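Numbering (my numbering), first residue to last: 479 to 630. Positions of the beta carbon are idealized from the N, C-alpha and C atoms, including for glycine. All values reported here derive from a predicted model rather than from experimental measurement. Only one structure is covered here, and it is reproduced in the block below.
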């Protein structure tokens, strides 16, 4: 789950139904109400898939959700008024079973980890459109499951 920077919305990635649930968050008493369900998969995809990581850009304009099975990152734009999501694109993670991905500190790049194919993948990120572009897919790392950047 990730919270929108404005604190009004939360986004939950479901593991088994491969959806993002958009929630309205009421910080006065800490409760949530469901606002939207949106699939992270193409309509014609029927194979096994499990949702993985979910992240939101620091400007609150884009939500990214991982698909283990479809082997992709689903990109969504955020409606600034309602917090609801609209599909932008699916980007292949160039490997098998993406467990995690993370923005670099500048948010110009995303690194994804493919657990079963044992590789990391580097994407550039268009901050205006949210879209990802492959830069490098052949970074060998045995069974990576988590990505973290250390701020020095």
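May I ask you to report which of helix, strand or coil DSSP gives residue i?
i, result
"residue 550", "strand"
"residue 500", "strand"
"residue 615", "strand"
"residue 525", "coil"
Relative to the C-alpha of residue i, which residue among the options is closest?
i, options, result
"residue 567", "553, 558, 560", "553"
"residue 577", "605, 551, 526, 514", "551"
"residue 529", "493, 523, 598", "493"
"residue 520", "562, 544, 611, 599", "544"
"residue 536", "517, 527, 515, 485", "485"
"residue 532", "503, 502, 580, 506", "580"
"residue 619", "593, 496, 507", "593"
"residue 609", "505, 555, 506", "555"
Taking the straight line between their C-alpha atoms, what separation do you get for residue i and residue j?
i, j, result
"residue 607", "residue 601", "14 Å"
"residue 595", "residue 571", "10 Å"
"residue 591", "residue 546", "11 Å"
"residue 498", "residue 534", "12 Å"
"residue 538", "residue 612", "23 Å"
"residue 625", "residue 582", "10 Å"
"residue 617", "residue 573", "11 Å"
"residue 500", "residue 523", "22 Å"
Since residue i sits in a beta bridge, which residues does DSSP pair it with?
i, result
"residue 541", "534, 554"
"residue 569", "551"
Could you give the first and the last residue of the continuous beta strand (DSSP E) run that contains residue i?
i, result
"residue 491", "487-491"
"residue 514", "509-517"
"residue 578", "576-581"
"residue 592", "587-592"
"residue 602", "597-603"
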